[in-house]
Structure formats: structure tokens, C-alpha cells
Amino acid sequence: LKICKEEDLNKRVVKSSTGHVKVPELGFEVKPGPASQGYISNVEGVLNRLEESLRMLMNWVEEEGEKKKAEEILKKLENIKEGNEVATLIIEDPLGHSAIIGDGVKEEKLSEDEVKVLSEGNICIMDKNKEQGN
516 LKICKEEDLN KRVVKSSTGH VKVPELGFEV KPGPASQGYI SNVEGVLNRL
566 EESLRMLMNW VEEEGEKKKA EEILKKLENI KEGNEVATLI IEDPLGHSAI
616 IGDGVKEEKL SEDEVKVLSE GNICIMDKNK EQGN
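For this note's numbering, add 515 to where a residue sits in the sequence shown, where the first one is 1.
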């Protein structure tokens, strides 16, 4: 889903315990772990959860450069929620139990290779090499 306007924040999201959440423009994704739980929310709620995960991750980071990168991502998340920046919300689920519901949502079936790559592990990934100028 391209998040372009305020109405996009209200689109319904069903994320199962096996759903992987990505926002490519931020270089940030959350992978489910063995204790992962599903939830029903809206796009804004998912962005808030990403923000919470990132803030928790920042508490563990010691390197100043990584903290600065995390702060930049937090600022971009705020800009997205305010409608000042466009981003893409992707939920990949190897079991197909997750969905984003609403107009403008693009649904794609995962290939067998993509399903294999979606390994379990409760991980927040921040791509330090991701260019922030997008």
C-alpha cells in the first residue's frame, strides 16, 4: 500500500503471527518471532508499532551513528503520519493470513522462494546502508 494521504492511515490491517512488516523507504522491517502475536489495526497503528519497536531498539544501540540513523527514521515516520512524506507499507506472510484492506491496496502472491526466505526470528532490522534521500 502506498501511504500518500491521511485516508490511507485509516485502512484496515490484519497482521497474523507470521506476517513480516516492511517500509522500504525507511530501510526498516520487523520479522515475527516464535512468540509473535497477530493483531488487527489500521495503517497508523502499524506505523505506531514500528515507532515503538524502533524506540526499543534505540535503547540497545551504543553507536552514536546508529542512534542518529534511528532518529532520522523516527522523523520520517512522523512525516508519513502527518502526510508530508509518501511511503509503502508491505506485509509479507508466508501463510497468507495477513492483509491490508481498502481501496488502492495491491496484493501479490509470494513465490516459493520468497516464502522460504521469510524465516522466523523476532528481529527489527535497520539497514544502515539505506539512503535516506528517498
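Idealized CB from N, CA, C, for every residue including glycine.
Source: prediction; values computed, not measured.
Residue 604 is positioned such that its CB atom lies closer than 8 Å to that of residue 538. Of the residues assessed, residue 610 falls on the exposed side of the cut-off, its CB having fewer than 16 other CB atoms within 10 angstroms.
Under DSSP, the beta-bridge partners assigned to residue 614 are 529. Taking a contact to require three or more Cβ pairs closer than 8 Å, the stretch 573–591 and the stretch 516–523 do not qualify as touching. Here DSSP, grouped into helix, strand and coil, assigns residue 626 to coil. For residue 568, there is no enclosing beta strand (DSSP E); the residue is part of the alpha helix (DSSP H) that begins and ends at 558–575. Note on residue 628: under 16 other CB atoms within 10 angstroms of its CB, so exposed under the neighbour-count rule. For the set 569, 570 and 533, the Cα lying nearest the Cα of residue 554 is the one of 533.
Here DSSP, grouped into helix, strand and coil, assigns residue 596 to helix.
A straight-line Cα-Cα distance of about 13 Å links residue 523 and residue 556. For residue 620, the CB contacts under 6 Å within the same chain, skipping 5 residues up- and downstream, are 516 in chain order.
Taken atom to atom, the span from the alpha-carbon of residue 624 to that of residue 614 is near 12 Å.
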